[in-house]
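> Have a look at this one before I ask anything.
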Amino acid sequence: ECEDVGRVLRDGGLDGEFAGIVGDHAVAMAYRKGAWEVLGHGMDEVAEDRPDQWYGKRGAMWARFRHMTTGKTVLFVNHHGPLPVGTGGKCGRHATAWNLLKTIA
Numbered sequence: 420e421c422e423d424v425g426r427v428l429r430d431g432g433l434d435g436e437f438a439g440i441v442g443d444h445a446v447a448m449a450y451r452k453g454a455w456e457v458l459g460h461g462m463d464e465v466a467e468d469r470p471d472q473w474y475g476k477r478g479a480m481w482a483r484f485r486h487m488t489t490g491k492t493v494l495f496v497n498h499h500g501p502l503p504v505g506t507g508g509k510c511g512r513h514a515t516a517w518n519l520l521k522t523i524a
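Sequential numbering from 420 applies to the sequence shown in the numbering used here.
Take a look at the structure:
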């Protein structure tokens with residue numbers, strides 16, 4: 420979980436070299452600004468915690484990057500899974516997996 424990726428980078432002395440992308444639901448990612456170009460990014464809600472450990476809905480964020488030297492493209496996905504751990508949350512693991520696939524398709 421990360422509520423403030425900028426603070427993490429600043430506190431670590433990394434904000435000059437890295438940039439952050441902020442998503443919803445305390446999901447974020449960071450990348451090296453001098454090495455990667457952001458081609459696009461997005462976020463979708465993919466799951467919800469079960470009532471016995473409910474904190475809310477869970478998201479998956481994605482970003483597509485192009486390496487500035489090689490020109491190769493990568494897709495990076497960051498996801499905070501629903502609670503309880505290993506259950507897939509309210510709708511179960513198969514529905515959560517399907518929603519993740521729909522997010523990155």
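Even glycine gets a Cβ: it sits at the ideal position worked out from N, Cα and C.
DSSP state of residue 513, grouped into three classes?
helix
> Using 8 Å as the Cβ pair cut-off and three pairs as the minimum, do the segment 473-493 and the segment 427-447 touch?
The segment 473-493 is in contact with the segment 427-447.
> Quick one: residues in its chain with C-beta nearer than 6 Å to the C-beta of residue 497, no 5 flanking neighbours on either side, listed in chain order?
446, 448 and 480
> List the endpoints of the continuous beta strand (DSSP E) containing residue 478.
Taken as a continuous stretch (DSSP letters only), the beta strand (DSSP E) holding residue 478 covers 476-486.
> Which residues bound the alpha helix (DSSP H) around residue 469?
Unbroken run through residue 469: none, as it is neither H nor E.
> Should residue 524 go down as buried or exposed, given a rule of 16 or more other Cβ atoms within 10 Å for buried?
exposed
> Give every residue of the same chain whose Cβ lies closer than 6 Å to the Cβ of residue 460, excluding the five residues on either side of it in the sequence, and list them in chain order.
440 and 482
> With H, G and I counted as helix, E and B as strand and the rest as coil, what does DSSP make of residue 427?
helix
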